[in-house]
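Novice: The numbering used here numbers the first residue of the sequence shown as 31 and each following residue consecutively. A virtual CB, placed ideally from N, CA and C, is assigned to each residue, including glycine. For clarity, every value in this text was computed on a predicted model and none was experimentally measured.
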Amino acid sequence: MDKSHLWIEIATASLLALLPLLFPRGKDAKHQFTTQEINLMAPQMRRFTWISVIVVLVVLFLCVALAIDLLLNLQSLMPSQQFAHPFTFMDIYWFFPGMGLGFALSIYVVDWVLRRIIGSQYDLLSEMSSQQYGINAKAAMRGLAIFGAVAGSIGVFLGYDWYAGVRKPEQQIVINPFLSFSEHTYPLQDIASLTYVDYYAKENGNLFHLPYYQFRFRDGFQWDSREGFRHVAYGEDSLTVAYIIQQTHLSIDTTQLVE
(Lines of atoms letter the chains of each structure in order from A and count residues from 1; the text may use other names and numbers.)
(Lines give C-alpha, C1' and ligand atoms only; values in the text may rest on other atoms or scores of the structure.)
Protein backbone atom coordinates (compact mmCIF):
# COMPACT_ATOMS: atom_id res chain seq x y z
CA MET A 1 0.00 0.00 0.00
CA ASP A 2 1.66 3.19 -1.23
CA LYS A 3 1.13 6.02 1.23
CA SER A 4 4.14 8.13 0.26
CA HIS A 5 1.77 10.98 -0.62
CA LEU A 6 0.47 11.34 2.94
CA TRP A 7 3.22 13.73 4.04
CA ILE A 8 2.21 16.10 1.22
CA GLU A 9 -1.41 16.02 2.37
CA ILE A 10 -0.53 16.52 6.03
CA ALA A 11 1.89 19.38 5.30
CA THR A 12 -0.56 21.14 2.96
CA ALA A 13 -3.52 20.84 5.33
CA SER A 14 -1.47 21.86 8.40
CA LEU A 15 0.04 24.95 6.78
CA LEU A 16 -3.34 26.12 5.52
CA ALA A 17 -4.93 25.59 8.94
CA LEU A 18 -2.19 27.57 10.72
CA LEU A 19 -2.24 30.47 8.25
CA PRO A 20 -4.93 32.54 10.05
CA LEU A 21 -2.82 32.50 13.23
CA LEU A 22 -0.48 34.95 11.48
CA PHE A 23 -3.29 37.50 11.20
CA PRO A 24 -2.92 40.19 13.90
CA ARG A 25 -5.12 39.70 16.91
CA GLY A 26 -7.99 42.09 17.51
CA LYS A 27 -6.90 44.60 20.15
CA ASP A 28 -8.98 46.41 22.71
CA ALA A 29 -9.89 49.95 21.76
CA LYS A 30 -7.27 52.49 22.82
CA HIS A 31 -9.93 55.13 23.44
CA GLN A 32 -13.51 55.01 24.66
CA PHE A 33 -15.48 57.24 22.32
CA THR A 34 -18.33 59.37 23.60
CA THR A 35 -21.73 59.41 21.93
CA GLN A 36 -20.98 62.93 20.70
CA GLU A 37 -17.74 61.79 19.03
CA ILE A 38 -19.50 58.87 17.36
CA ASN A 39 -22.28 61.17 16.09
CA LEU A 40 -19.71 63.59 14.66
CA MET A 41 -18.10 60.73 12.76
CA ALA A 42 -21.44 59.29 11.59
CA PRO A 43 -20.94 60.11 7.86
CA GLN A 44 -17.47 58.54 7.85
CA MET A 45 -18.83 55.55 9.79
CA ARG A 46 -21.57 54.94 7.22
CA ARG A 47 -19.04 55.18 4.40
CA PHE A 48 -16.70 52.83 6.27
CA THR A 49 -19.50 50.29 6.85
CA TRP A 50 -20.66 50.22 3.22
CA ILE A 51 -17.14 50.05 1.84
CA SER A 52 -16.30 47.23 4.27
CA VAL A 53 -19.36 45.18 3.28
CA ILE A 54 -18.67 45.58 -0.46
CA VAL A 55 -14.95 44.80 -0.10
CA VAL A 56 -15.62 41.72 2.06
CA LEU A 57 -18.15 40.28 -0.43
CA VAL A 58 -15.98 40.91 -3.50
CA VAL A 59 -12.76 39.68 -1.91
CA LEU A 60 -14.44 36.62 -0.39
CA PHE A 61 -15.88 35.63 -3.78
CA LEU A 62 -12.50 36.00 -5.49
CA CYS A 63 -10.57 34.19 -2.74
CA VAL A 64 -13.00 31.26 -2.68
CA ALA A 65 -12.83 30.94 -6.48
CA LEU A 66 -9.02 31.05 -6.43
CA ALA A 67 -8.84 28.56 -3.53
CA ILE A 68 -11.07 26.08 -5.38
CA ASP A 69 -8.99 26.43 -8.54
CA LEU A 70 -5.76 26.00 -6.55
CA LEU A 71 -7.02 22.86 -4.81
CA LEU A 72 -8.16 21.36 -8.11
CA ASN A 73 -4.74 21.96 -9.67
CA LEU A 74 -2.87 20.62 -6.65
CA GLN A 75 -5.08 17.53 -6.72
CA SER A 76 -3.93 16.68 -10.23
CA LEU A 77 -0.30 16.79 -9.05
CA MET A 78 -0.79 14.30 -6.21
CA PRO A 79 1.20 11.08 -6.85
CA SER A 80 -1.73 9.01 -5.61
CA GLN A 81 -4.05 10.40 -8.28
CA GLN A 82 -1.90 10.11 -11.38
CA PHE A 83 -3.58 7.24 -13.18
CA ALA A 84 -3.50 6.20 -16.81
CA HIS A 85 -7.25 5.63 -16.50
CA PRO A 86 -8.84 7.54 -13.58
CA PHE A 87 -12.31 7.55 -12.14
CA THR A 88 -13.28 11.20 -12.01
CA PHE A 89 -14.67 12.89 -8.92
CA MET A 90 -17.04 15.82 -9.01
CA ASP A 91 -15.37 19.22 -8.75
CA ILE A 92 -18.22 20.38 -6.50
CA TYR A 93 -16.46 18.57 -3.63
CA TRP A 94 -13.76 21.24 -3.60
CA PHE A 95 -16.32 24.01 -3.11
CA PHE A 96 -16.52 23.17 0.61
CA PRO A 97 -12.82 23.17 1.56
CA GLY A 98 -12.29 25.98 -0.96
CA MET A 99 -14.91 28.09 0.80
CA GLY A 100 -13.25 27.62 4.19
CA LEU A 101 -9.73 28.27 2.94
CA GLY A 102 -10.87 31.16 0.75
CA PHE A 103 -12.41 32.82 3.78
CA ALA A 104 -9.22 32.29 5.77
CA LEU A 105 -7.13 33.91 3.05
CA SER A 106 -9.57 36.77 2.51
CA ILE A 107 -8.93 38.35 5.91
CA TYR A 108 -5.46 39.44 4.79
CA VAL A 109 -6.72 40.86 1.51
CA VAL A 110 -9.68 42.64 3.13
CA ASP A 111 -7.42 44.27 5.71
CA TRP A 112 -4.94 45.38 3.02
CA VAL A 113 -7.62 46.75 0.65
CA LEU A 114 -9.50 48.64 3.36
CA ARG A 115 -6.31 50.28 4.58
CA ARG A 116 -5.63 51.51 1.05
CA ILE A 117 -9.19 52.82 0.56
CA ILE A 118 -9.89 54.31 4.00
CA GLY A 119 -6.37 55.54 4.62
CA SER A 120 -5.12 56.85 7.96
CA GLN A 121 -8.60 56.73 9.55
CA TYR A 122 -8.91 52.96 9.14
CA ASP A 123 -7.79 52.02 12.68
CA LEU A 124 -9.83 54.85 14.22
CA LEU A 125 -13.01 53.85 12.39
CA SER A 126 -12.42 50.17 13.17
CA GLU A 127 -12.18 50.94 16.88
CA MET A 128 -15.22 53.19 16.75
CA SER A 129 -17.21 50.54 14.87
CA SER A 130 -16.21 47.88 17.40
CA GLN A 131 -17.33 50.10 20.28
CA GLN A 132 -20.59 51.10 18.61
CA TYR A 133 -21.68 47.55 17.73
CA GLY A 134 -19.98 45.79 20.63
CA ILE A 135 -18.06 43.48 18.29
CA ASN A 136 -14.31 43.37 17.77
CA ALA A 137 -14.39 42.91 14.00
CA LYS A 138 -10.77 41.82 13.72
CA ALA A 139 -11.10 39.24 16.48
CA ALA A 140 -14.35 37.94 14.96
CA MET A 141 -12.84 37.70 11.46
CA ARG A 142 -9.77 35.96 12.82
CA GLY A 143 -11.86 33.44 14.78
CA LEU A 144 -14.07 32.65 11.80
CA ALA A 145 -11.01 32.38 9.56
CA ILE A 146 -9.38 29.88 11.92
CA PHE A 147 -12.57 27.80 11.96
CA GLY A 148 -12.81 27.97 8.16
CA ALA A 149 -9.15 27.10 7.69
CA VAL A 150 -9.28 24.10 10.02
CA ALA A 151 -12.49 22.79 8.43
CA GLY A 152 -11.11 23.47 4.95
CA SER A 153 -7.84 21.74 5.73
CA ILE A 154 -9.66 18.64 6.91
CA GLY A 155 -11.55 18.73 3.61
CA VAL A 156 -8.26 19.07 1.71
CA PHE A 157 -6.79 16.07 3.50
CA LEU A 158 -9.86 13.92 2.88
CA GLY A 159 -10.11 15.04 -0.75
CA TYR A 160 -6.48 14.26 -1.56
CA ASP A 161 -6.87 10.86 0.11
CA TRP A 162 -9.89 9.96 -2.04
CA TYR A 163 -9.09 8.46 -5.43
CA ALA A 164 -9.61 5.52 -7.76
CA GLY A 165 -8.15 4.51 -11.08
CA VAL A 166 -6.10 2.07 -13.12
CA ARG A 167 -2.31 2.06 -13.16
CA LYS A 168 -1.51 0.86 -16.63
CA PRO A 169 2.04 -0.57 -16.38
CA GLU A 170 1.14 -2.58 -13.26
CA GLN A 171 -2.34 -3.51 -14.59
CA GLN A 172 -3.77 -2.69 -11.16
CA ILE A 173 -6.92 -0.95 -10.00
CA VAL A 174 -6.31 1.28 -6.98
CA ILE A 175 -9.15 2.52 -4.78
CA ASN A 176 -9.05 4.71 -1.70
CA PRO A 177 -12.71 5.19 -0.68
CA PHE A 178 -14.07 8.48 0.61
CA LEU A 179 -13.58 9.04 4.38
CA SER A 180 -11.07 6.19 4.46
CA PHE A 181 -7.30 6.00 4.86
CA SER A 182 -7.20 2.44 3.56
CA GLU A 183 -5.94 2.04 -0.01
CA HIS A 184 -7.08 -1.09 -1.85
CA THR A 185 -4.89 -2.33 -4.69
CA TYR A 186 -5.91 -5.27 -6.87
CA PRO A 187 -4.71 -6.82 -10.12
CA LEU A 188 -7.38 -6.24 -12.76
CA GLN A 189 -7.92 -10.00 -12.89
CA ASP A 190 -9.13 -9.90 -9.26
CA ILE A 191 -12.33 -8.10 -10.28
CA ALA A 192 -15.03 -10.73 -9.74
CA SER A 193 -17.91 -8.80 -11.28
CA LEU A 194 -18.70 -5.42 -12.79
CA THR A 195 -22.23 -4.01 -12.84
CA TYR A 196 -23.67 -0.95 -14.54
CA VAL A 197 -26.39 0.35 -12.22
CA ASP A 198 -29.00 2.36 -14.10
CA TYR A 199 -29.92 4.44 -11.07
CA TYR A 200 -32.86 6.84 -10.83
CA ALA A 201 -33.39 9.07 -7.81
CA LYS A 202 -36.73 10.64 -6.93
CA GLU A 203 -36.57 14.13 -5.47
CA ASN A 204 -39.41 16.64 -5.12
CA GLY A 205 -41.48 14.74 -7.65
CA ASN A 206 -38.65 14.73 -10.21
CA LEU A 207 -36.71 11.73 -11.46
CA PHE A 208 -32.94 12.13 -11.87
CA HIS A 209 -30.84 9.71 -13.92
CA LEU A 210 -27.62 9.06 -11.97
CA PRO A 211 -25.97 5.86 -13.24
CA TYR A 212 -22.85 4.40 -11.66
CA TYR A 213 -20.58 1.35 -11.73
CA GLN A 214 -20.34 -1.28 -9.01
CA PHE A 215 -17.20 -3.37 -8.57
CA ARG A 216 -16.94 -6.61 -6.61
CA PHE A 217 -13.56 -8.22 -5.95
CA ARG A 218 -12.64 -11.82 -5.21
CA ASP A 219 -11.89 -11.09 -1.53
CA GLY A 220 -15.39 -9.65 -1.01
CA PHE A 221 -14.48 -5.94 -1.17
CA GLN A 222 -17.08 -3.86 -3.00
CA TRP A 223 -16.85 -0.30 -4.36
CA ASP A 224 -19.45 1.90 -6.04
CA SER A 225 -18.34 4.74 -8.28
CA ARG A 226 -21.18 6.87 -6.87
CA GLU A 227 -19.64 7.25 -3.40
CA GLY A 228 -19.18 10.61 -1.74
CA PHE A 229 -19.92 13.68 -3.83
CA ARG A 230 -20.33 11.91 -7.13
CA HIS A 231 -22.97 10.18 -9.26
CA VAL A 232 -21.45 9.63 -12.66
CA ALA A 233 -20.95 6.89 -15.22
CA TYR A 234 -19.98 8.99 -18.19
CA GLY A 235 -16.84 10.48 -19.71
CA GLU A 236 -13.59 9.22 -18.21
CA ASP A 237 -15.41 6.69 -16.03
CA SER A 238 -16.81 4.93 -19.09
CA LEU A 239 -13.41 4.99 -20.80
CA THR A 240 -11.81 3.47 -17.69
CA VAL A 241 -14.42 0.71 -17.53
CA ALA A 242 -13.98 0.05 -21.26
CA TYR A 243 -10.23 -0.40 -20.69
CA ILE A 244 -10.85 -2.79 -17.77
CA ILE A 245 -13.24 -4.89 -19.87
CA GLN A 246 -10.73 -4.95 -22.72
CA GLN A 247 -7.99 -6.25 -20.42
CA THR A 248 -10.04 -8.72 -18.37
CA HIS A 249 -12.71 -9.80 -20.90
CA LEU A 250 -15.32 -9.39 -18.15
CA SER A 251 -18.95 -9.19 -19.15
CA ILE A 252 -20.70 -6.17 -17.65
CA ASP A 253 -24.01 -6.80 -15.92
CA THR A 254 -26.80 -4.21 -16.00
CA THR A 255 -29.40 -3.57 -13.34
CA GLN A 256 -31.91 -0.80 -12.71
CA LEU A 257 -32.50 0.86 -9.36
CA VAL A 258 -35.13 3.47 -8.48
CA GLU A 259 -35.18 5.09 -5.04
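Just confirm the distance between the C-beta atoms of R197 and F113, as a whole number of angstroms; I'd bet it's less than 8 angstroms.
Specialist: Yes, they are in contact, since the Cβ atoms of R197 and F113 sit about 6 angstroms apart, within 8 angstroms.
Novice: Three-state secondary structure (DSSP) at R248?
Specialist: Correct three-state label for R248: coil.
Novice: Closer than 7 angstroms by C-beta to A231: which residues in its own chain qualify, once you throw out the five before and the five after it? Chain order, please.
Specialist: Contacts found: F238, L240 and E289.
Novice: From the DSSP output, in three-state form, read off L135 for me.
Specialist: Helix at L135.
Novice: Confirm, please, whether the CB-CB distance from Y123 to G189 is below 7 angstroms.
Specialist: Taking 7 angstroms as the Cβ cut-off, G189 and Y123 qualify as a contacting pair.
Novice: Taking C-beta to C-beta, are S160 and N166 nearer than 7 angstroms?
Specialist: Yes, Cβ-Cβ distance for S160 and N166 is below 7 angstroms.
Novice: So, with DSSP's three-state summary, where would you put T284?
Specialist: Three-state result, T284: strand.
Novice: Determine the burial state of Q276: buried for a count of at least 16 other Cβ atoms within 10 Å of its Cβ, exposed for fewer.
Specialist: Counting Cβ neighbours within 10 Å, Q276 comes out exposed, since fewer than 16 surround it.
Novice: Which one or two residues does DSSP pair with H115 in a beta bridge?
Specialist: DSSP, once it has assigned bridges, lists V196 as partnering H115.
Novice: Is I81 helix, strand or coil when you go by DSSP?
Specialist: Looking at I81 - three-state DSSP - the assignment turns out to be helix.
Novice: Is S223 helix, strand or coil by DSSP?
Specialist: Reduced to three states, the DSSP call for S223 is strand.
Novice: Compute the distance between the beta-carbons of L293 and I282, then report whether it is under 7 angstroms.
Specialist: Summary: the structure shown does not reach residue 293, with the chain confined to residues 31 through 289, and so no result is reported for it.
Novice: Please go through the same chain and pick out, in chain order, the residues whose beta-carbon is closer than 6 angstroms to the beta-carbon of D99, but skip the five residues on each side of it.
Specialist: Same-chain partners within the cutoff: there are none.
Novice: Which of helix, strand or coil does DSSP assign to L289?
Specialist: Before going on, a small fix: residue 289 reads as Glu here, not Leu. It is coil, neither helix nor strand.
Novice: Output the boundary residues of the beta strand (DSSP E) element that contains P217.
Specialist: P217 -> beta strand (DSSP E) spans H214 to P217.
Novice: Where L209 and R76 are concerned, what is the direct C-alpha to C-alpha distance, given to the nearest angstrom?
Specialist: One C-alpha to the other measures close to 47 angstroms.
Novice: Hey, how far is the Cα of I274 from the Cα of I184?
Specialist: Roughly 33 angstroms between the two C-alpha positions.
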